Every structure is written in C-alpha cells, then in structure tokens.
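J.: Supplied in structure tokens, the structure appears directly below.
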Amino acid sequence: MKTNKLFSSFGLLTILGLLLVVNLLAGQTLKSFRLDLTNNQLYTLSTGTKNILAKLDEPITLRLFFSEKFFTGLPSVMTYGQRVRDLLEEYVSLSGGKLKLIISDPEPFSETEDQAVQFGLQGVPVDASGNQAYFGLAGTNAMDDEEVIAFFQPDKEESLEYDVTKLVYKLAHPKQRTVGLISTLPMEGLSQANPFAAPSSNSQAWFMLSQIKQSFEVKDLESSVEHIPEDIDVLMLVHPKGLSEKTLFAIDQFVLHGGRLLAFLDPFSEADQPVTDPQNPMAAMQAPRNSTLEPLLKAWGVELVSGKIAGDRITAQRVQTQAGRRVQAMDYVAWLSLSSKNFNDSDFITRDLTKINMATPGYLKKLDGAETDISPLIETSVEAMAIDSMQFRFGANPANLLRQYKPGGEKLVLAARITGKIKSAYPDGVKDADAISNVLTASDDAINVIVVADTDMLENKHWVRLQNFFGNQIAQPIANNDVFVLNAIENLSGSNDLISLRSRSKSARPFLKVEELKREAEKRFQDQEKALQNKLQQAERKLAELQRKQDGNGSMILSTAQKQEILKFRQEQLETRKALRNVKHELVKSIESLGVTLKVINIGLMPLLVIVFAILMAMRRTRRLKKSMA
Numbered sequence: 000m001k002t003n004k005l006f007s008s009f010g011l012l013t014i015l016g017l018l019l020v021v022n023l024l025a026g027q028t029l030k031s032f033r034l035d036l037t038n039n040q041l042y043t044l045s046t047g048t049k050n051i052l053a054k055l056d057e058p059i060t061l062r063l064f065f066s067e068k069f070f071t072g073l074p075s076v077m078t079y080g081q082r083v084r085d086l087l088e089e090y091v092s093l094s095g096g097k098l099k100l101i102i103s104d105p106e107p108f109s110e111t112e113d114q115a116v117q118f119g120l121q122g123v124p125v126d127a128s129g130n131q132a133y134f135g136l137a138g139t140n141a142m143d144d145e146e147v148i149a150f151f152q153p154d155k156e157e158s159l160e161y162d163v164t165k166l167v168y169k170l171a172h173p174k175q176r177t178v179g180l181i182s183t184l185p186m187e188g189l190s191q192a193n194p195f196a197a198p199s200s201n202s203q204a205w206f207m208l209s210q211i212k213q214s215f216e217v218k219d220l221e222s223s224v225e226h227i228p229e230d231i232d233v234l235m236l237v238h239p240k241g242l243s244e245k246t247l248f249a250i251d252q253f254v255l256h257g258g259r260l261l262a263f264l265d266p267f268s269e270a271d272q273p274v275t276d277p278q279n280p281m282a283a284m285q286a287p288r289n290s291t292l293e294p295l296l297k298a299w300g301v302e303l304v305s306g307k308i309a310g311d312r313i314t315a316q317r318v319q320t321q322a323g324r325r326v327q328a329m330d331y332v333a334w335l336s337l338s339s340k341n342f343n344d345s346d347f348i349t350r351d352l353t354k355i356n357m358a359t360p361g362y363l364k365k366l367d368g369a370e371t372d373i374s375p376l377i378e379t380s381v382e383a384m385a386i387d388s389m390q391f392r393f394g395a396n397p398a399n400l401l402r403q404y405k406p407g408g409e410k411l412v413l414a415a416r417i418t419g420k421i422k423s424a425y426p427d428g429v430k431d432a433d434a435i436s437n438v439l440t441a442s443d444d445a446i447n448v449i450v451v452a453d454t455d456m457l458e459n460k461h462w463v464r465l466q467n468f469f470g471n472q473i474a475q476p477i478a479n480n481d482v483f484v485l486n487a488i489e490n491l492s493g494s495n496d497l498i499s500l501r502s503r504s505k506s507a508r509p510f511l512k513v514e515e516l517k518r519e520a521e522k523r524f525q526d527q528e529k530a531l532q533n534k535l536q537q538a539e540r541k542l543a544e545l546q547r548k549q550d551g552n553g554s555m556i557l558s559t560a561q562k563q564e565i566l567k568f569r570q571e572q573l574e575t576r577k578a579l580r581n582v583k584h585e586l587v588k589s590i591e592s593l594g595v596t597l598k599v600i601n602i603g604l605m606p607l608l609v610i611v612f613a614i615l616m617a618m619r620r621t622r623r624l625k626k627s628m629a
C-alpha cells in the first residue's frame, strides 16, 4: 500500500510538473496562435483585411485611447473595449511587423489627454466637473499622415472591421484619389448673362460638387472624350445623354481594365432644363430629358427601364399644390423621401444613411441570363408603381397621380452595385477608336460599378438649404444625399479587398429562447391584466352613475339598496386593484425566476458535470484497483 501511495504522489507531482512545463512552453511558442470559437467568427478577420495587411510596405502606428477608469462602471462599454483591443491585436499579429499598437488611458489634464484632443478624438462628459472619457483610435504613417476613428460606438459594431481596415488602408495609400467627371448637367452653375439660361435654380453651382472637391481631386472630362486618363480612380457620370460611340467605348474599356464607375442616369431629369428658343418655345418641352448607358448596361446584365418613373405612395414627399383658389398639402408619389427601411444595411455605402430624397427616379432591372451580381443599394417599398414618364413632360398633377395610383406589389431598385466578370459591349471594337491601345474583349477581374437611376438627387433643392450669412454660405442638409455620393466614391476608390468587406455580426448575442419565454409570460399576464382592467372600469362606471343621483341641493337621494350597491362596487374596485397588483408582481417574479434558473444552469451545471465525471472516474479506478489486488 505504501508503494501505491508513493507511486500516486510521484505521479501527481510528475503531472503537475508537466503541466507547468507545457504552460511555459506554450506561453513562449504559441503567442501568435489564436483559436476563434465564436459562433460568427467575430475575431477572424476577413480575407480582404488579411490581404491589405499582407501588402503593407511602410510602418503604421495605431494608438487606442480608452478611458478605463471612467468606463469601469459601464459593463457594455468595457466589454466592447476589450473586443476592440483584441481585434486590433489580431491586426498587429497579421501585419508582418508593419503595425504597432499603443494603448493609452487618458487621465484628465494629462499629456495623453492632450494627445487625444490633438488627434481630434471625441470626448464624452462623464461627471459634473467636466472630465472627458475617450474611446477612439488614431493612426499615423511614416509621412505623419493621420486618420482617426473619433469614437467607437458599440451600436456600430457591425462595421468595426471595415472602419479599422479603411483607416489602415488610407494610411497605406495616402495619395488623394482622383474623380473624373462627365456631366451634361450644369453642376458648375450657369452664367446669368445667358439670356436663354435655365431657371435660376440652376444658376448657382451645385453644392454636391463642392462637397466632392473637399475630399477628392476632381477632373472635368469632355462628354466627347475618347480615352479615360490613366490617373482616374473613379469615373463619375451624371446624366450621360447623347454620348458618341467612341466615348461609350472608352467607358467600356475603362471598366474592363478595372476602373471604377459611378453613374447617375435618369428616365426624366427635372434638372435637365433645355434652352428655350423664343422662335419655337414648344421645342424645349419636346426635347429629350432622359439618359442611359446602352449598350454598356446590357453587357453588365442590367437595364434602366425605358420611359418609366418609379412612384411610391409610401415614401412620397408632401408638397404644396394649388387646388382652385386654395393651396393644400398632398403626397407627390414621384418625389420620394426614402428612409433606412429602403437602404441595404449590409453595404457600407448605405448602412448608416437615414434619409435620401429623389425626384422622378427611374428603376433598374436585372436582365435574364445575366452573369453579374446585381446588389440593390436603394429600393422603393412594395407599394411602388411604374408611371409613364410622358406624364411629367408638361408638368404632372399630384392629385391625378394619386387618383390613378395602383400598387405594383414589388420593390423597385433605384440604385445598385454591379459586380462580376463581364464581356465588352463592343466585341469587334469601334471604328477609328485609335485613342485606346490595349483593347480588351473581357475583364480579367470582377468589375465594380454603381448605377443610380436618378440625377435630380444631386441638385441643391432636394437635399440642402443654402443661406448667405454676412457673405458666408451656410449649408443645412435636409437629407443624406451627399453622404451617399461621398460614401460611394470613397468605397469605389479603395481596393477590391476593401470593397469586399461586409457587415459583421455583433458580439452581444441575445438569448432568443429567453426573450421568447419572457414575451409569452408578458402576454399571459397582459391578458389577465386587460380582463381585470375592464372589470375595474365597469365597477367605476356603475359607481359613478349611482353617485350622480342627487337632488337639486346636491344631497344624495339613495335608497338602502343603492347604498349597498355602492359599498359592493367599492369593495369590488379595491379587490380588482389588488388583483392587478398581484398580476404585475407575479410577472416580475416569473421573469426573475427565469433569470435565476438560467444562472443556476450556466454557473452550476458545468461544475456539477465535472464533479460527476470525476466521481465516475474515481469509482472506475477503484474497481480496477480492487480487481488487480484480487
């Protein structure tokens, strides 16, 4: 027996020693080893992010500012802070030594806080003394360029990887992106000296263009261009009507060679105001006001439905219209005010938008047999209706459109992203198109094109109010039209790896079964509460009727039976109120009991299983020992 005890003690010490050695070796050799066991692979970076990190040439420093002292009392922020820290460490581990992470806790009035303020991070007040808490990221490259995430908002966790990867990508590629602009609309404004100029709404430059110029270099290209310059990162087309075959071929080749395209088309552009000829005023009314990109759209697997406007009474804007001698407000189904329900929440261009205004937009359809992927960015409601564009040529009547309205029963696509490999719309080339040397008949890689079926959304009156304040122009946006355009250009100007990123799941996963049980309990108690409330109301109503029986002097004229009825209803009233309180208390107890049960299961079940397993193993070992001794 002493020998067995000796062997047991020696074996235990040996196991402990081995565990210690393994732990030390693992700590030294497996520092970079990570295993993501989360359900949605929250800590596994996307292939696009990994590719961007693998291609880093210059060192980048990431500085995470997290006020741990102030956030200690906020478990949700602390949890998200750890989530961000773990994710950034994953970036560093995959960067091949190009990324450096510095984590700081900015104390009030410290140099670290000054640094956070200098980077432009957003501080949030945490107490009455004016102390600020920080939770943001600042990145710098070897050229001292800076990019920041002012504050990590937990409710935007789905875009966390995209935001961080975009920051790293912009620091790795700091050169300002160039947008080539081809527009047949007066985005630069019209000269007031022109006697045949369009109405005054078009006389000033479009504020959308100045917004684009703040973030990107813009090069104006002639609508007759026969070759898109090599330095153009994104080609932006606005109402490209009447383009020559050579220009269309140049656009075709630009896209085939990997160029990014953002096109605003329109079946009826209200901003397209034809020049009025005093000798023939009808000519302006009959002039075409539509634009398209055929045959390019067909080669890309999509069509802008010809001669049709997307009307929608669900998203219709309220307008003032003349009805006889009076003005009345009415829904104008051809002017749309689109909300978050109409946007693609998995695409970073549209996921954070709250409102987009459009006017007489068209709609896109995927062609049968198309091999490209058509991903809607903006859609109407299912109540949408296709309206003939001819109704708008001489001015549509909102009241008539409402009377004639018939819901189509399906959503119409107002803007879409087109991706995938394509073939040229001109497989045999174009005659005398000598400006292009390296002609392709098919794309080597997937294209990335965004098509919007409306041009009017770019015009000032549909998204911004401009005021002159002592010589300064003050802009007050009323919709996110500019944010959509800037997001689209920024997204397209990135690499395919950056564009490929999509929204990720949140780390906080709700207990769906628990929520279902809570709802069932609440519904059960609500039914009881409703019945008791009805009973209480009936008792109070009868009581009030009896008490209203008074004589002219205000004294009660009640019989003994009526007095007993009053006492009865008052007693019933008290009992009903007591029953209501009991129902509410039972609901709270039911939910609390459910919570306690879950805690017991989560906290106690696993240790219990381990104990049971240990007892079974001990019993098995004892039986084996007895057999060996026998």
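FYI, in the working numbering the residues of the sequence shown are 0 to 629.
Cβ coordinates follow ideal geometry from the N, Cα and C atoms, glycine included.
None of the values given here were measured: they were computed from a predicted structure.
#1: Are the beta-carbon atoms of residue 304 and residue 361 separated by less than 8 Å?
#2: Could you compute how far the alpha carbon of residue 334 sits from the alpha carbon of residue 357?
#3: Please determine, among 576, 432 and 472, the residue with the shortest C-alpha to C-alpha distance to residue 244.
#4: Skipping 5 residues on each side, what residues in its chain have a beta carbon closer than 8 Å to that of residue 287?
#5: Output the residue ranges of the beta strand (DSSP E) runs that lie fully inside the region 376-401 and measure 3 residues or longer, sorted by chain position.
#6: Do the region 122-132 and the region 158-175 make contact, defined as three or more Cβ pairs closer than 8 Å?
#7: Under the rule that 16 or more other beta-carbon atoms within 10 Å means buried, what is residue 584, buried or exposed?
#8: Below 8 Å between beta carbons: does that hold for residue 315 and residue 376?
#9: Look at residue 484 and residue 186 and say whether their C-beta atoms are less than 8 Å apart.
#10: For residue 130, I'd like the list of residues in its chain whose CB is within less than 6 Å of its CB, leaving aside the five on either flank, ordered along the chain.
#11: Quick one: residues in its chain with C-beta nearer than 6 Å to the C-beta of residue 449, no 5 flanking neighbours on either side, listed in chain order?
#12: With a threshold of 16 other CB atoms inside 10 Å of the CB of residue 295, please say whether the residue is buried or exposed.
#13: Relative to the alpha-carbon of residue 68, which residue among 218, 133, 158 and 96 has its alpha-carbon at the smallest distance?
#14: How big is the Cα-Cα spacing for residue 372 and residue 152?
#15: Residue 69 by DSSP, collapsed to three states: which one?
#16: According to DSSP, is residue 183 part of a helix, a strand, or is it coil?
#17: Sort out for me which residues DSSP pairs residue 476 with in a bridge.
#18: Going straight from the alpha carbon of residue 406 to that of residue 452, what length do you get?
#19: In angstroms with no decimal places, state the Cα-to-Cα distance between residue 627 and residue 609.
#20: Taking 8 Å as the cut-off, decide whether the C-beta atoms of residue 328 and residue 458 are in contact.
#21: Quick one: what's residue 177 bridged to in DSSP?
#22: Does the structure place the region 463-483 close enough to the region 493-501 that three or more beta carbon pairs sit under 8 Å?
#23: How far does the beta strand (DSSP E) with residue 134 in it extend, from its first residue to its last?
#24: How is residue 302 classed by DSSP in three states: helix, strand or coil?
#25: Quick check on the burial criterion: 16 or more other C-beta atoms within 10 angstroms. Buried or exposed for residue 504?
#26: Since residue 291 contacts residue 341 with CB under 8 Å, what's their CB separation in whole angstroms?
#27: Taking its Cβ as the centre, do 16 or more other Cβ atoms sit within 10 Å of residue 615, making it buried, or is it exposed?
#28: Buried or exposed for residue 249, going by 16 or more other Cβ atoms inside 10 Å?
#29: Whole angstroms are fine: how far does the CA of residue 274 sit from the CA of residue 195?
#30: Output yes or no for whether 8 Å exceeds the beta carbon distance between residue 383 and residue 478.
#31: Quick check on the DSSP output: the alpha helix (DSSP H) that includes residue 425 runs from which residue to which?
#32: Using the beta-carbon count (16 or more within 10 Å), is residue 324 buried or exposed?
#33: Whole angstroms are fine: how far does the CA of residue 331 sit from the CA of residue 318?
#34: Between 58, 213 and 218, which lies nearest to residue 144 when the distance is taken from Cα to Cα?
#35: With distances taken from CA atoms, which of 346, 397 and 345 is nearest residue 359?
#36: Under a Cβ-count criterion, where at least 16 other Cβ atoms within 10 Å of its own Cβ denotes burial, should residue 142 be classed as buried or exposed?
T.: Let's see:
#1: Numbered from 1 along the sequence shown, position 305 holds the residue referred to as residue 304. Numbered from 1 along the sequence shown, position 362 holds the residue referred to as residue 361. Cβ atoms of residue 304 and residue 361: closer than 8 Å.
#2: Against the sequence shown, residue 334 aligns to sequence position 335. Against the sequence shown, residue 357 aligns to sequence position 358. Straight-line spacing of the CA atoms in residue 334 and residue 357 works out to 6 Å.
#3: Position 245 of the sequence shown, counted from the first residue, corresponds to residue 244. Per the Cα distances, 432.
#4: Numbered from 1 along the sequence shown, position 288 holds the residue referred to as residue 287. Excluding positions up to five away in sequence, the list reads 240.
#5: You should have 384-387.
#6: No: the two stretches stay apart, fewer than three of their Cβ pairs being nearer than 8 Å.
#7: Taking the first residue of the sequence shown as position 1, residue 584 is located at position 585. Counting Cβ neighbours within 10 Å, residue 584 comes out exposed, since fewer than 16 surround it.
#8: Taking the first residue of the sequence shown as 1, we reach residue 315 at position 316. Taking the first residue of the sequence shown as 1, we reach residue 376 at position 377. Their beta carbons are not under 8 Å apart, which means residue 315 does not touch residue 376 by this criterion.
#9: Counting from one through the sequence shown, the residue named residue 484 turns up at place 485. Counting from one through the sequence shown, the residue named residue 186 turns up at place 187. No, these two residues do not count as a Cβ contact at 8 Å.
#10: For the purposes of this step, residue 130 is taken as residue 131 along the sequence shown, with counting starting at 1. Excluding five sequence positions before and after residue 130, the CB atoms of its chain that fall closer than 6 Å to its own CB belong to 107, given in chain order.
#11: The sequence position of residue 449 within the sequence shown is 450, counting from 1. Counting only Cβ-Cβ distances below 6 Å, and skipping sequence neighbours, we find 261, 416 and 487.
#12: Working through the sequence shown from its first residue, we reach residue 295 at position 296. Residue 295 should be labelled buried.
#13: Here residue 68 corresponds to residue number 69 of the sequence shown, with the count starting at 1. Comparing alpha-carbon positions, the option among 218, 133, 158 and 96 lying closest to residue 68 turns out to be 133.
#14: Along the sequence shown, read from residue 1 onward, the residue named residue 372 stands at position 373. Along the sequence shown, read from residue 1 onward, the residue named residue 152 stands at position 153. Across the structure, residue 372 and residue 152 are spaced so that their CA atoms are roughly 32 Å apart.
#15: Position 70 of the sequence shown, counted from the first residue, corresponds to residue 69. It is helical.
#16: As a first step, residue 183 is located in the sequence shown; it is residue number 184 there, counting from the start. In the structure shown, the three-state DSSP call for residue 183 is coil.
#17: As a position in the sequence shown, residue 476 is number 477, starting the count at 1. Within the DSSP bridge table, the entry for residue 476 names 463 as partners.
#18: Residue numbering aside, residue 406 sits at position 407 when the sequence shown is read from its first letter. Residue numbering aside, residue 452 sits at position 453 when the sequence shown is read from its first letter. Going by the C-alpha atoms only, they are around 20 Å apart.
#19: Sequence index remark: in the sequence shown, residue 627 carries index 628 (1-based). Sequence index remark: in the sequence shown, residue 609 carries index 610 (1-based). If you take the alpha carbons of residue 627 and residue 609, they lie about 27 Å apart.
#20: Mapped onto the sequence shown, residue 328 falls at position 329. Mapped onto the sequence shown, residue 458 falls at position 459. Annotated as distal: residue 328 and residue 458, with beta-carbon spacing of 8 Å or more.
#21: Along the sequence shown, one-based indexing puts residue 177 at 178. Residue 177 pairs with 216.
#22: No, the region 493-501 is not in contact with the region 463-483.
#23: To locate residue 134, count along the sequence shown from 1; it is residue 135. Looking at the DSSP string, the run of the beta strand (DSSP E) that includes residue 134 is 131-140.
#24: As a first step, residue 302 is located in the sequence shown; it is residue number 303 there, counting from the start. DSSP places residue 302 within a strand segment (E or B) once states are collapsed to three.
#25: To locate residue 504, count along the sequence shown from 1; it is residue 505. Unreliable positioning characterises residue 504 in this predicted model, as indicated by a pLDDT of 49, which lies under 50. The coordinate reading is nonetheless provided below. By the beta-carbon neighbour count (other beta carbons within 10 angstroms, threshold 16), residue 504 is exposed.
#26: Here residue 291 refers to the residue found at position 292 of the sequence shown. Here residue 341 refers to the residue found at position 342 of the sequence shown. About 23 Å; that fails the 8 Å criterion.
#27: As a position in the sequence shown, residue 615 is number 616, starting the count at 1. So residue 615 ends up on the exposed side.
#28: Against the sequence shown, residue 249 aligns to sequence position 250. With 16 or more Cβ atoms within 10 Å of its Cβ, residue 249 is classed as buried.
#29: The residue labelled residue 195 in the question sits at position 196 within the sequence shown. The residue labelled residue 274 in the question sits at position 275 within the sequence shown. No answer about residue 195 holds up, because its pLDDT of 49 lies below 50 and its placement is not dependable.
#30: As a first step, residue 383 must be located in the sequence shown, where it is residue number 384. As a first step, residue 478 must be located in the sequence shown, where it is residue number 479. Here residue 383 is not near residue 478, since their CB atoms are 8 Å or more apart.
#31: In the sequence shown, the residue the question calls residue 425 occupies position 426. In the DSSP assignment, residue 425 falls outside any alpha helix (DSSP H) and carries neither an H nor an E.
#32: Here residue 324 is taken as the residue at index 325 of the sequence shown, counted from 1. Residue 324 is exposed by the Cβ-count criterion.
#33: Numbered from its first residue, the sequence shown carries residue 318 at position 319. Numbered from its first residue, the sequence shown carries residue 331 at position 332. About 6 Å.
#34: Indexing the sequence shown from 1 puts residue 144 at position 145. Ranking 58, 213 and 218 by CA distance to the CA of residue 144 puts 58 first.
#35: What you label residue 359 is simply residue 360 of the sequence shown in a count that begins at 1. Measuring from the Cα of residue 359, the nearest candidate turns out to be 397.
#36: Position 143 of the sequence shown, counted from the start, is the residue given in the question as residue 142. Residue 142 comes out exposed.
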